[in-house]
Amino acid sequence: MYFPFAEVHVKGWVLPLLGFTAGVSSGFWGVGGGWVITPALFILGFPMNLAVGTSLSFIYAQAIVSSLTHKKLGNINVPLGLLLFIGMLPSVELGARVVDFLKNRGEVDTYLGYFYFFFLLLIFAFTFFESFKAQKKQSEEAVISWKEKFPLSLLPPFLSCRGMKVSIWSGVLVGILGGFFSGLMGIGGGIIFLPLMIYLLGLPTKMAVGTGLFNIMVGGAFGTFTHALKGNVDVLGGLLLLAGGGIGARIGALATKYAPGTKIRFLFSLSVGATAISVILRLKGYFLPAFLIILGVAGVMCAIVIFYLWRGNYEEKMHKMGKRGA
């Protein structure tokens, strides 16, 4: 299939499949799916500015589906999500302008590609070691909490969040950081929102997932509009991604009901690390290995998430049958 905006040919089944796997990861980790879609489009031959803009438009659409499911599960704190959005709004535009500046200089692929690699590597290293330690200690929440060491977390006024107090100032700062990376890399901000909300704001993992998705849903509309005005969105590509993403997003969100927070963080770190490897391979010219890695990892993680959902449903049914038998 030919995509006129990107001027590339891609098999018709590839983008819906990518959308499905990214949708599952979005619902399960609250990261929008841009960590899969943006590098995958780049690997498939989309210019980086189109990969970023198209990814962001997909993220916004499927985040709506995931947010509705997480709302039913009680994983969303709406006031906190709106607070993050306040910080995110101006910084999304800043990130998009950086992309536009690099595009005009003809350096967008190189600079953003390498920045993406080092950014993903940093997220992988921190989250992997933290979640690994947490699993060994069988702790549901983060072993290392930086909240007490974060100066802004002690400044009033505070926002109540399930018995915890979150400083409005620290919430706005998290929104600013997430918004900038959203506009810069087309990742929806979730890949940085998740660790920041867990380690700096002190939120439980599942609430961080749901609230992050809500913020992506609210803020993604502005980011998509900004990139569309700059000609960075391939409409046909976005629609094909969404065809599979809507289904995957609901599956991923439902699976969080049955997966412990430490497992969610650990699987997240492995996926991010594999994506970093695929990006550096693409930058070095190894297109096929890069594509196979990102598609393979997304597929494996998708299967694991679906397994969590199946096992959880099965155990619930067995439990209900046992009660009836008693």
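In this text, residue positions in the sequence shown follow my numbering: the first is 2, and each later residue adds one. Idealized CB from N, CA, C, for every residue including glycine.
For the candidate residues the options, whose alpha-carbon lies nearest to that of residue i?
i, options, result
"residue 5", "307, 236, 79", "236"
"residue 74", "48, 62, 194, 258", "258"
"residue 21", "9, 86, 254", "254"
"residue 50", "322, 99, 306", "99"
"residue 349", "222, 96, 127", "Past the boundaries of the shown model lies residue 349; the chain is included only from 2 to 327, so the question cannot be answered."
"residue 246", "45, 9, 27", "27"
"residue 276", "38, 77, 219", "38"
"residue 34", "18, 160, 323", "18"
"residue 212", "264, 42, 78, 196", "78"
"residue 171", "85, 289, 192, 102", "85"
"residue 309", "293, 278, 294, 256", "256"
"residue 43", "8, 222, 313", "8"
"residue 226", "46, 62, 40, 31", "62"
"residue 88", "249, 223, 207", "223"
"residue 261", "240, 210, 285", "210"
"residue 83", "215, 230, 68, 250", "215"
"residue 207", "264, 323, 40, 56", "264"
"residue 109", "66, 185, 67, 311", "185"
"residue 268", "313, 192, 285, 293", "192"
"residue 232", "183, 249, 101, 132", "101"
"residue 205", "133, 282, 293, 165", "165"
"residue 239", "45, 31, 56", "56"
"residue 129", "32, 270, 76", "270"
"residue 182", "292, 96, 312", "96"
Can you tell me the Cβ-Cβ gap for residue i and residue j, rounded? I've got them flagged as a contact below 8 Å.
i, j, result
"residue 59", "residue 243", "6 Å"
"residue 121", "residue 306", "With a Cβ gap of about 20 Å, residue 121 and residue 306 do not count as contacting."
"residue 54", "residue 234", "4 Å"
"residue 167", "residue 202", "5 Å"
"residue 295", "residue 41", "5 Å"
"residue 103", "residue 115", "With 8 Å as the limit, residue 103 and residue 115 do not qualify as a contact, their Cβ atoms being about 12 Å apart."
Tell me the DSSP bridge mates of residue i?
i, result
"residue 9", "4"
Go ahead and label residue i buried or exposed: buried means 16 or more other beta carbons lie within 10 angstroms of its beta carbon, across all protein chains shown.
i, result
"residue 13", "exposed"
"residue 119", "exposed"
"residue 64", "buried"
"residue 16", "buried"
"residue 125", "buried"
"residue 10", "exposed"
"residue 304", "exposed"
"residue 2", "exposed"
"residue 143", "With a pLDDT of 46 at residue 143, under the threshold of 50, the modelled position of this residue cannot be trusted, and the question is left open."
"residue 106", "exposed"
"residue 48", "buried"
"residue 196", "buried"
"residue 266", "buried"
"residue 117", "buried"
"residue 70", "buried"
"residue 289", "exposed"
"residue 286", "exposed"
"residue 283", "buried"
"residue 249", "buried"
"residue 31", "buried"
Decide if the segment 176-183 is in contact with the segment 86-98; the criterion is three or more beta carbon pairs, one per stretch, under 8 Å apart. yes
Does the count of Cβ pairs from the segment 313-324 and the segment 295-302 closer than 8 Å reach three? no
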